[in-house]
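Here's the structure, in structure tokens; my notes come after.
Number of protein chains: 2
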Amino acid sequence: MEHVPAPLLDDAAVGRRDRERLARRRARLDAALAGFGEKGFEGATVDEIAERAEFGKGTLYNYFQGGKDELYLTLFEDVVIGGLHRVVDATLATASVATPADVRSAYCTFVEGLFEHFEAHRPQLMLFMKDGDRMMLDPDKAAFFGGLFERLIDRVAVPLDAAVRAGTLRDLPARPVAHLLMGTVRGFLVADDETRCAAHPRADVSPFTTPGEAASFITTVFFDGLLARP
Amino acid sequence: MEHVPAPLLDDAAVGRRDRERLARRRARLDAALAGFGEKGFEGATVDEIAERAEFGKGTLYNYFQGGKDELYLTLFEDVVIGGLHRVVDATLATASVATPADVRSAYCTFVEGLFEHFEAHRPQLMLFMKDGDRMMLDPDKAAFFGGLFERLIDRVAVPLDAAVRAGTLRDLPARPVAHLLMGTVRGFLVADDETRCAAHPRADVSPFTTPGEAASFITTVFFDGLLARP
DNA sequence: TCACGATGTGACCCGCCGGTCACCAACTGA
DNA sequence: TCAGTTGGTGACCGGCGGGTCACATCGTGA
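Top to bottom, those sequences are chains A and B.
Read in order, the letters of the first sequence are residues 1 to 230 in the working numbering.
Read in order, the letters of the second sequence are residues 1001 to 1230 in the working numbering.
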């Protein structure tokens, strides 16, 4: 494996007017990735990806020596993990955890950000959410994949941990809570996607029409709990 | 698709002393399914499954005309959905929702039951949890699969709905909550499994050593919420 | 013991798909 | 205009794996 960033997507240290060529390539690959999403990693053929991206198959192999795997992992790192970190940057990184309301609203905004990011890149992200677990079956991919995800969880857990220490949150271990939250959002998005896209849609998975409503639902459950308060 | 129950697993309406032969077959198939779990649906070859189950490949095709797909769906219905319904039977079906403590403990027992069921059939269930989403890409499988799951969710939602009506629980829609709970448990189990089995284990996903502790963790988050109470 | 149906089998077939490589085209500098 | 270099291509290859089917084996009843 030993995933080496492909020059194709590496636009740092690149000559001036090559910029736009690189941008076009990126766009074409992103489009190809969307096609990926409909079929899953194993379902999509390299021929098809190349065709959608308007690349020759050989060209793809020029840039991704590691073949289909490296293509997949590169796009994963770029689109999925990169996007998630940007959501963390925008919502959690600078959040105050001084009061319960602060923590609550920081994570509500965070979850809302996740939903919006998802809306904007639905097919690409769906692919990785549905295929992600299968990747873990391969030790090499699992190491790469797991490492990236762990770093994300670390960042999500930071404000939780601070809030627990400050006594704002119940005394629960921060990282498991972060995992639980991310897993829950993921499960919600997958179920919701199936509702919208499946031949036989599931009923009533999500009656929420905006990212804000859905985020508020999850945040309410997580922070306030299901039990009615007097 | 039109999944017709294979006689191989259909032990109703079967002659007296064929019983034990059927039982042996079932056991062999279950063993084969465990092997399935290590590789995933697409990763496991029919040759390998047949070998593990000590069947000839042709014999498998005698019983599962639908081929690998039907084999998969039959085992799914039998092991996964059947097992989950048994957990619901044992914990939620007869639960009282009269007081907050009743609802809380019913679902805590339910989640604990899910964890125990999982412990007992780890490889088989892991297979379906990790592959489940990919199945939804095929409309036929999605219909079969989704229908079974929806009926399960219906049952999980019943006590929630009753409790909401009784004012015991916060006024949230019961089915989405049921989906959220099941998705959360699933996410937790998958992450936990990766911690135990992956080449590079994830740290601190679950510091819990017994099903009871893990169930208590999830139940606390869901019912009491993360926010500290005075 | 033989005949016949039912059950079980694995060698073989064939389509599919990831990966390769010999070739081509476009640009560059002389 | 031509030689050299870089970037791009898709026809082809090889293996892999789902599915088939002609044959073997077993159980049974005459």
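C-beta atoms are modelled at their ideal positions from N, C-alpha and C, and glycine is treated no differently.
Bear in mind the structure is a predicted one, so any value in this text is a computation, not a measurement.
Considering only C-alpha positions, which residue in the set B:Thr1210, B:Phe1222, B:Arg1175 is nearest to Pro207 of chain A?
B:Arg1175
Simplified DSSP assignment, three categories, for Arg1017 of chain B:
With a pLDDT of 45 at Arg1017 of chain B, under the threshold of 50, the modelled position of this residue cannot be trusted, and the question is left open.
Locate the alpha helix (DSSP H) running through His1085 of chain B, then write down its first and last residues.
1082 to 1091
Which residues in chain A sit within 7 angstroms of Gly1183 of chain B, going by Cβ to Cβ distance?
Thr184, Gly187, Phe188, Ala191
Just to confirm the assignment, what range does the alpha helix (DSSP H) spanning Ala138 of chain A have?
With the sequence shown as reference, residue 138 of chain A is identified as Asp, and Ala is not the correct amino acid for it. Asp138 of chain A -> no alpha helix (DSSP H), and no H or E assigned at all.
What did DSSP end up calling Leu1227 of chain B once you bin it into helix, strand or coil?
DSSP places Leu1227 of chain B in the strand class (E or B) of the three-state scheme.
Where Ser216 of chain A sits in the DSSP three-state scheme:
helix
Straight-line Cα distance separating Leu125 of chain A from Gly40 of chain A
One C-alpha to the other measures close to 11 angstroms.
Terminal residues of the continuous alpha helix (DSSP H) containing Thr99 of chain A?
It is not in any alpha helix (DSSP H) - Thr99 of chain A carries neither H nor E in the DSSP assignment.
Which of helix, strand or coil DSSP assigns to Leu1169 of chain B:
strand
Could you tell me the alpha carbon to alpha carbon distance between Asp1140 of chain B and Gln1065 of chain B, rounded to whole angstroms?
Each residue's Cα considered, the two are about 16 angstroms apart.
Option nearest Ala1162 of chain B by Cα separation, candidates B:Gly1132, B:Glu1150, B:Ala1106, B:Ala1191:
In terms of CA proximity to Ala1162 of chain B, B:Ala1106 leads the group B:Gly1132, B:Glu1150, B:Ala1106, B:Ala1191.
Within this structure, are the beta carbons of Asp1224 of chain B and Gly225 of chain A separated by less than 9 angstroms?
yes
When B:Leu1127, B:Arg1170, B:Ala1191 are compared against Glu150 of chain A, the one with the closest alpha-carbon
B:Ala1191
For a contact meaning CB atoms closer than 7 angstroms, what does Thr168 of chain A contact in chain B?
Annotation: Cβ neighbours of Thr168 of chain A in chain B (cutoff 7 angstroms, chain order): Ala1228.
Who are the Cβ neighbours of Pro1007 of chain B in its own chain at under 6 angstroms, not counting the five residues just before and after it?
Confidence in Pro1007 of chain B is poor, its pLDDT being 48 and thus under 50, which makes the residue's placement too unreliable to answer from.
Check whether chain A comes within 9 angstroms of Pro1159 of chain B, counting only Cβ atoms and requiring the distance to be less than that.
no
Can you check whether the CB of Phe128 of chain A is closer than 9 angstroms to the CB of Val177 of chain A?
no
Just to confirm my understanding: we take Leu169 of chain A, look at its own chain, exclude 5 residues before and 5 after, and list those with CB closer than 7 angstroms. What are they?
Val103, Leu160, Ala163
Give the straight-line distance between the Cα atoms of Thr1220 of chain B and His179 of chain A, rounded to the nearest whole angstrom.
15 angstroms
Could you please give the first and the last residue of the uninterrupted alpha helix (DSSP H) stretch that includes Glu1067 of chain B?
The sequence as given places Gly at residue 1067 of chain B; Glu does not occur at that position. Per DSSP, Gly1067 of chain B belongs to the alpha helix (DSSP H) from 1067 to 1075.
CB contact flag (Glu77 of chain A, Leu181 of chain A, <9 angstroms):
no
Measure the C-alpha to C-alpha separation of Phe311 of chain A and Phe145 of chain A and round it to an integer number of angstroms.
There is no way to answer for residue 311 of chain A, as the model of chain A reaches only from 1 to 230.
Express the C-alpha separation of Asp1069 of chain B and Arg1155 of chain B in angstroms, rounding to a whole number.
27 angstroms
Endpoints, alpha helix (DSSP H) assigned at Ala1050 of chain B:
1046 to 1052
Is the CB-CB distance between Thr91 of chain A and Gly113 of chain A below 9 angstroms?
yes
Taking only beta-carbon positions, decide if Ala1215 of chain B is within less than 9 angstroms of chain A.
no
Below-9 angstroms beta-carbon distance, Asp89 of chain A vs any chain B residue
no
Taking C-beta to C-beta, are Phe1188 of chain B and Ile1153 of chain B nearer than 9 angstroms?
no
Quick check: what's the CA-CA separation for Thr109 of chain A versus Ile81 of chain A?
18 angstroms
Phe76 of chain A: contacting residues in chain B (beta-carbon distance under 8 angstroms)
Per Cβ cutoff of 8 angstroms: no residues; Phe76 of chain A is ~16 angstroms from chain B at best.
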